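Beneath this line is the structure, given in structure tokens, with notes to follow.
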Amino acid sequence: MTKQIELVQSGSRQQVESSANNRIEEYEADGYDLVDQEISLDGNGVTILLVFASGE
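No gaps in the numbering here: position 50 of the sequence shown is 63 in the numbering used here, and each next residue is one more.
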């Protein structure tokens with residue numbers, strides 16, 4: 014199993030959600046599944062951690 018981790022950061026929630034959705038679509042097109050995600054809100058904005066896995 015192959016795993017990939019992506020961090021998506023932005024000052025605005027709307028922008029980080031859009032970027033995260035784009036990354037999810039790209040990974041799914043490459044055969045990966047989203048297996049976990051964590052969202053963090055802090056003084057610098059929003060960070061989303063995406064974890065993908067492929068059975069290959």
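Just so it is clear, CB atoms sit at the ideal spot from N, CA and C, and this is done for glycine as well.
Predicted, not measured: the structure shown is a model, and the values here were computed from it.
For Ser53, the enclosing beta strand (DSSP E) has its first and last residue at Asp46 to Asp55. Minimum Cα-Cα distance from Gly56 among the listed residues Gln17, Ser25, Phe65 and Thr15 corresponds to Ser25. Short of 7 Å from the beta carbon of Gly68, and not among the five residues preceding or following it, lie these beta carbons of its own chain, in chain order: Met14. Collapsing the DSSP output to three states places Ser25 in coil. Taking Ile52 as the centre and dropping the five residues before and after it, the same chain places the C-beta of Ile61 closer than 6 Å to its C-beta, in chain order.
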